[in-house]
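Here the sequence shown stands for residues -5 to 216, numbered as in our numbering. Beta carbons: idealized from backbone N, C-alpha and C, even for Gly. Notes for the one structure printed next.
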Amino acid sequence: MTLFLLVVLIAIIGYIIFKLYTHDNTTFYQLTGYTYFDVLMNKSVRISDQLVKELEHVQGIKKVMVNLQLPVHNEVQTIDALLLHESGIYVVNVKDKSGWINGREQGIEWIELLHKNKKQVFNNPIHETKRLTHVLKDQLPEVNGTIFETLVVFTNGCSFQQIEVQSSNVEVLKMAELKKWAKTLEGKRLSETEIESVYTALEAFMHGKNTTLHSKTATPTK
């Protein structure tokens, strides 16, 4: 019995060491400095880590950025993630939800239906992302404004009941759908040099260890 427990303990320690080593070599760790234990213990960090892993599946020339804190007058606006890709600049807005999601691109608010006929109303994430895109454009005046795309990503715990999107430069997806979406990207509107230039221009705004995905408040109703 003692030998069995010792073998199990060694196996557990070996697994942890392996996970620590592999995590320290991930893009997410290199961008943010969040440790493997940060990912385990903090849900927001875990979501951000998962997002970066999914965006890593995008083929072609690219760079990923997370948690950009952009100054606007006396406030700070946070962009959850950016995908700088040869096909365009994708502004990513992450929503952590668990209910049934209903919303229209033109609507002011969206609704999350929960158990026992409860619901939460939250700001239209497409409008949020477009406002963030305008803030981003102010930091990149020399970049063609037509290459910016809106990408709203919901966590996998929710379900889409009715989502209406008309604009061709807007996507609303669940995290699990990002791999499939990545395969649809085509065209070359940014060179590798231009991607590097944008990354360099925004790098100072990217925050890591001491910050997480910002919380977007929802208004609970019955």
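Same chain only: Cβ atoms within 7 Å of residue i, ignoring 5 sequence neighbours per side
{"i": "Thr211", "result": "Reliability fails at Thr211, whose pLDDT of 35 lies under 50, so the model's placement of it is uncertain and the value that follows must be treated cautiously. If we look at Thr211 and ignore the five residues flanking it on each side, it has no Cβ neighbours."}
{"i": "Ser209", "result": "Its pLDDT being 36, under 50, Ser209 is placed unreliably by the model, and the measurement read from it follows with that caveat. Excluding residues within five positions, none has a Cβ falling inside 7 Å."}
{"i": "Gly181", "result": "Ser81"}
Beta-carbon contacts of residue i that lie in its chain and below 6 Å, excluding the five residues immediately before and after
{"i": "Asp43", "result": "Phe22 and Val33"}
{"i": "Ala176", "result": "His51 and Val52"}
{"i": "Pro119", "result": "Asn87, Lys89 and Val146"}
Separation of residue j from residue i, as counted between CA atoms
{"i": "Glu103", "j": "Val166", "result": "15 Å"}
{"i": "Ala198", "j": "Asn111", "result": "45 Å"}
{"i": "Thr20", "j": "Thr26", "result": "10 Å"}
{"i": "Ala75", "j": "Gln63", "result": "10 Å"}
{"i": "Arg183", "j": "Ile141", "result": "7 Å"}
{"i": "Lys234", "j": "Val60", "result": "Here the chain covers residues -5 to 216 and nothing more, so residue 234 does not appear."}
{"i": "Gly101", "j": "Thr16", "result": "43 Å"}
{"i": "Leu108", "j": "Phe154", "result": "12 Å"}
{"i": "His67", "j": "Leu126", "result": "14 Å"}
{"i": "Gly93", "j": "Val159", "result": "19 Å"}
{"i": "Glu69", "j": "Leu196", "result": "17 Å"}
Cβ pair residue i, residue j closer than 9 Å
{"i": "Met200", "j": "Leu45", "result": "no"}
{"i": "Glu222", "j": "Gln114", "result": "The chain is shown from -5 up to 216; residue 222 falls before or after that span and cannot be answered."}
{"i": "Thr144", "j": "Val164", "result": "yes"}
{"i": "Asn36", "j": "Tyr28", "result": "yes"}
{"i": "Gly97", "j": "Ile41", "result": "no"}
Cβ-based neighbour list, residue i, same chain, cut-off 8 Å, excluding 5 preceding and 5 following
{"i": "Gly139", "result": "Lys131"}
{"i": "Ser191", "result": "none"}
Beta-bridge partners of residue i, as assigned by DSSP
{"i": "Leu145", "result": "Val86 and Glu165"}
{"i": "Phe199", "result": "For Phe199, which the question treats as bridged, DSSP gives no partner whatsoever."}
Any non-hydrogen atom of the ligand FAD closer than 8 Å to residue i Cβ
{"i": "Gln53", "result": "In the structure shown, the ligand FAD is absent, as is every other ligand, since no ligand is present at all."}
* Ordered list of alpha helix (DSSP H) runs contained in the segment 34 to 116, each at least 4 residues -> 37 to 49
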